[in-house]
Amino acid sequence: MKSHSIKDLEIIANDIREDIIKMLVEAGSGHSAGPLGLADIFTALYFDILKHNPEKPDWSERDILLLSNGHCVPVRYATMARAGYFERKELMTLRKLGSRLQGHPERQRLPGMENTSGPLGCGLSQAAGMSLAMRMDKISHRWIYVVMGDGEQDEGNIWEAAMLCSKYKLNNIIAITDRNNIQIDGPTESVMPLEDLHAKWEAFGWHVIEVNGNDIEAFIDATAMARAIVEKPVMIIAHTIPGKGVEYMEYDYRWHGMPPGNMDVPGDPPKAEQAKIALKELRTLGGKIKSEAHD
Amino acid sequence: MIDYRLLDIDGILTSEPIRKGFGRGLLAAGKMNPNVVAACADLTDSTQIGLFKKEFPDRYVEIGVAEQNLVTVGSGMAAMGKIPFVSSYAAFSPGRNWEQIRTTICLNNVPVKIVGSHAGVSVGPDGATHQMLEDIALMRVLPNMVVIAPADSVEAEKATVAMASDNRPNYLRLAREATPIFTTPETPFEIGKAYVYHEGTDVTIISTGTMTFQSLLAAKELKKHHISAEVIHMPTIKPFDGETVLASIKKTGAVVTVEEAQIVGGLGGAVAEFLGENHPVPMTRIGMKDRFGESGEMNQLFEFFGLTSKQIVMSSIYIKDKKK
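First to last, the sequence lines map onto chains A and B. Position 256 of the first sequence, counted from 1, bears residue number 294 in this note's numbering, the numbering being contiguous throughout. Position 319 of the second sequence, counted from 1, bears residue number 326 in this note's numbering, the numbering being contiguous throughout.
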């Protein structure tokens, strides 16, 4: 699916952000900051990087994308709809009874959803299992991408998986950490310091690449570099802005687990205005923060 | 459906750890189906997964002491079409990794086979930390999960082979110490079925795992007291074979359950739930009663916790007298 220019991809990412806001407002609950911050990465994955076919979600040659931090699934739903997995109007069923778009993703419900997640720290283990199964079947041409949160790296399970991937040199795994520095209770470095995250992953035997996760072109380049590394699994630490594109949400951990329009947040627009302002900013700024929007 | 050789339990029986049957069954399943794979958390020999590892090194993964990773890697393998058998001690798997089993195996509904060895107080000297008693309860509450506790090594072998062609998540409960082999290769086994091993009319004894042998000894003893006991062996605790249980209870009108596990949530819990809704009768449960085990030799512990044929006899007499 590599027929898009970077400019096109940036427009798509902004459309996805708008869909995320609309979905969350309609659902009345859900996470805002992470999905907005991940819109560029998911656009790059579905519209440029992944080998996949929305018409045949279980195509046996497809690359696999696992979402480990399941609470960020609105961005995946919105991106899958744009990519043609289902109609966009279904996005408005998010979190509602009978919907395929559960509050946290379920593999059994939606074709193309590769894993069930929400409880944190399990995506990398599943990737390892898939990679080992591929190796047993002598399949070496399929890539497994795992999007992980940074806060979820408090979970011990992740480091168990990190050791296993390294031990077996599972080089078709490309993990992506959404390094947005926030989690529910506050900044990651005050809840449970993760730094030096780069050095930690290296110490666990991984090749580490750092990139601006809101720069689509740079992110695509980083995944190309990652695929060229054969001796180790690769961790891309993608620095993103939580709440990207909505000024009052950006960098603010209070918007981790809340949709616009639910409650007044001190210093932010009143709840009745939150959704309107968010959509207006996204339309005028094209998904860029103010400082970027002028170039 | 009775194999009368089962009743010849007075002779000298060969004993073998139930887990040995799993080891042979997995090897056989591996030979039959190339998609059968295995992983273990640093307990290859004691869980008997080593036989498979030796024969199929490329289909075996050593996870290290990391039970959360063990089952979640299994989930990933199953998503790619494999049938992973993942083994550790029951105290650690499913003891430590219940949420990963719930989310990545049961909610995903993938055919991962969780093999918990060293379950029950029969683990012996290792003590309470290693005597897993809550595993039946933990696994039984999970939607999609099948729970199996074989009676001896011969049945464990059959159960393992059957699990390899079952497309659901399964839990297999195994014991450590050598216990008598009293079933034969011809004894029927099917996932989801309970079996009447001894027919009777006065009281029904329902047992699982290592306790079925004790229950058969009890039935023999009860005959001397002119009590006709029916023994139902229930190797599959979930799904629950209500038909077999109901047919027996309607005949006898009283029930004793026997297990080497917590009766709360265990086999006793399952039978009580079923009969409470369908056909309440006087009932008593033998098993662990809301307490932990402790160090000792297997037979000492069975005696200490009342997991013996003697206790089953006493409970059967007691419950028969409760009938109106």
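Quick reminder that beta carbons are idealized off the backbone N, C-alpha and C, glycines included.
Cβ of residue i within 8 Å of Cβ of residue j?
i, j, result
"L104 of chain A", "N153 of chain A", "yes"
"I213 of chain B", "L140 of chain B", "no"
"M154 of chain B", "I244 of chain B", "Checking the sequence shown, residue 154 of chain B turns out to be Val, not Met. Cβ atoms of V154 of chain B and I244 of chain B: closer than 8 Å."
"G167 of chain A", "G81 of chain B", "yes"
"I293 of chain B", "V271 of chain B", "no"
"A213 of chain A", "P271 of chain A", "yes"
"L50 of chain B", "R31 of chain B", "no"
"V168 of chain B", "G300 of chain B", "no"
"K60 of chain B", "V93 of chain B", "no"
"I79 of chain A", "F257 of chain A", "yes"
"M295 of chain B", "A279 of chain B", "no"
"E319 of chain A", "E285 of chain A", "yes"
"P187 of chain B", "D159 of chain B", "yes"
"K331 of chain B", "A261 of chain B", "no"
"L158 of chain A", "E198 of chain A", "no"
"W239 of chain A", "M273 of chain A", "yes"
"D248 of chain B", "A171 of chain B", "no"
"T194 of chain B", "E164 of chain B", "no"
"Q164 of chain A", "T111 of chain B", "yes"
Alpha carbons only, please: which of the options is nearest the one belonging to residue i?
i, options, result
"I220 of chain A", "A:R292, A:I49, A:D86", "A:R292"
"F312 of chain B", "B:V265, B:A85, B:T186", "B:V265"
"G216 of chain B", "B:A126, B:K329, B:Q75, B:N76", "B:A126"
"G224 of chain A", "A:N107, A:E319, A:W97, A:D290", "A:D290"
"V288 of chain B", "B:V210, B:D133, B:N40, B:Y178", "B:V210"
"D133 of chain B", "B:P150, B:E304, B:V203", "B:E304"
"Y204 of chain B", "B:V252, B:W105, B:S22", "B:V252"
"A77 of chain A", "A:G68, A:R55, A:E93, A:S67", "A:R55"
"Q2 of chain B", "B:T79, B:K27, B:V78, B:F63", "Chain B is shown from 8 up to 331; residue 2 of chain B falls before or after that span and cannot be answered."
"S316 of chain B", "B:L224, B:G249, B:P176", "B:L224"
"A255 of chain B", "B:M241, B:P246, B:E267, B:A268", "First, the amino acid is wrong: residue 255 of chain B is Ser here, not Ala. Checked all of B:M241, B:P246, B:E267, B:A268; the closest Cα to S255 of chain B is B:M241."
"M174 of chain A", "B:E228, B:D65, B:P246, B:S235", "B:D65"
"E227 of chain A", "A:D188, A:L148, A:V184", "A:D188"
"A262 of chain A", "A:W181, A:H42, A:I49, A:Q146", "A:W181"
"H109 of chain A", "A:L232, A:M172, A:Q140", "A:Q140"
"P242 of chain A", "A:G283, A:L88, A:I196", "For the record, residue 242 of chain A in the displayed sequence is Phe; it is not Pro. Nearest option by C-alpha distance: A:I196."
"I211 of chain A", "A:T117, A:A82, A:A171, A:Q191", "A:A171"
"G161 of chain A", "A:E233, A:I102, A:S41, A:G324", "A:I102"
"V320 of chain B", "B:T21, B:V78, B:I234, B:F189", "B:I234"
"M39 of chain B", "B:L181, B:I198, B:I90", "B:I90"
"W105 of chain B", "B:T21, B:F189, B:Y178, B:Q318", "B:Y178"
"Q269 of chain B", "B:Y202, B:A135, B:V78, B:D52", "B:A135"
"I222 of chain A", "A:G194, A:M296, A:R265", "A:M296"
"T21 of chain B", "B:R298, B:D52, B:T190", "B:T190"
Show which residues of chain B have a CB atom less than 9 Å away from the CB atom of residue i.
i, result
"S106 of chain A", "Ordered by position in chain B, no residue passes the 9 Å Cβ test against S106 of chain A, which lies about 11 Å from the chain."
"N195 of chain A", "A73, Q75, N76, T79, N104, Q107"
"C110 of chain A", "Those within 9 Å of C110 of chain A in chain B number zero; the least Cβ separation is about 16 Å."
"Q191 of chain A", "The premise fails here: Q191 of chain A is roughly 14 Å from chain B at the closest Cβ pair, so nothing lies under 9 Å."
"M201 of chain A", "G71, A73, N76"
Could you list which residues in chain A have their beta carbon closer than 8 Å to that of residue i, in chain order?
i, result
"V43 of chain B", "Under the 8 Å cutoff, chain A gives no residues; its nearest Cβ is about 11 Å from V43 of chain B."
"E280 of chain B", "In chain order: nothing, as chain A lies at least about 27 Å away."
"D142 of chain B", "Here the premise fails: no neighbours, minimum Cβ distance about 20 Å."
"T110 of chain B", "T154, S155, G156, P157, C160"
Run down chain B in chain order and give the residues with a C-beta less than 7 Å from the C-beta of residue i.
i, result
"A260 of chain A", "Those within 7 Å of A260 of chain A in chain B number zero; the least Cβ separation is about 24 Å."
"E198 of chain A", "A73, Q75, N76"
"G230 of chain A", "Checking the sequence, you will find Met at residue 230 of chain A rather than Gly. Per Cβ cutoff of 7 Å: no residues; M230 of chain A is ~18 Å from chain B at best."
"R145 of chain A", "N115"
On the premise that residue j lies in contact with residue i, defined as a C-beta separation below 8 Å, what is that separation, rounded to the nearest angstrom?
i, j, result
"R103 of chain B", "Q75 of chain B", "7 Å"
"P298 of chain A", "V63 of chain A", "6 Å"
"G131 of chain B", "S100 of chain B", "Contact doesn't hold; Cβ gap of about 20 Å is too wide."
"M287 of chain A", "A71 of chain A", "6 Å"
"E62 of chain B", "L34 of chain B", "6 Å"
"N91 of chain A", "V185 of chain A", "Incorrect: roughly 20 Å between the Cβ atoms, too far for contact."
"E237 of chain B", "L314 of chain B", "Actually they are not in contact, since the Cβ atoms of E237 of chain B and L314 of chain B sit about 20 Å apart, beyond 8 Å."
"P24 of chain B", "A182 of chain B", "7 Å"
"I267 of chain A", "H294 of chain A", "Contact doesn't hold; Cβ gap of about 32 Å is too wide."
Just to make sure I have the definition right: I need the residues of chain B whose C-beta is within less than 8 Å of the C-beta of residue i. Which are they?
i, result
"M174 of chain A", "V44, D65, R66, K89"
Under 7 Å Cβ-Cβ, which residues of chain A neighbour residue i?
i, result
"S82 of chain B", "Q164, G167"
Could you name the residues of chain A that residue i contacts, counting a contact when the two beta carbons are closer than 9 Å?
i, result
"A86 of chain B", "I102, R145, E152, N153, Q164, G167, M168, A171"
Problem - Sufficient close CB pairs (3 or more, under 8 Å) joining the stretch 150-167 of chain A to the stretch 72-89 of chain B - result: yes
Problem - contact_flag[the stretch 37-49 of chain B, the stretch 119-138 of chain A] where n(CB pairs < 8 Å) is 3 or more - result: no
Practice task
Pair every Cβ in the stretch 145-164 of chain B with every Cβ in the stretch 320-331 of chain B, then say whether three or more of these pairs are closer than 8 Å.
Solution key: no
Problem - contact_flag[the stretch 271-289 of chain A, the stretch 245-263 of chain A] where n(CB pairs < 8 Å) is 3 or more - result: yes
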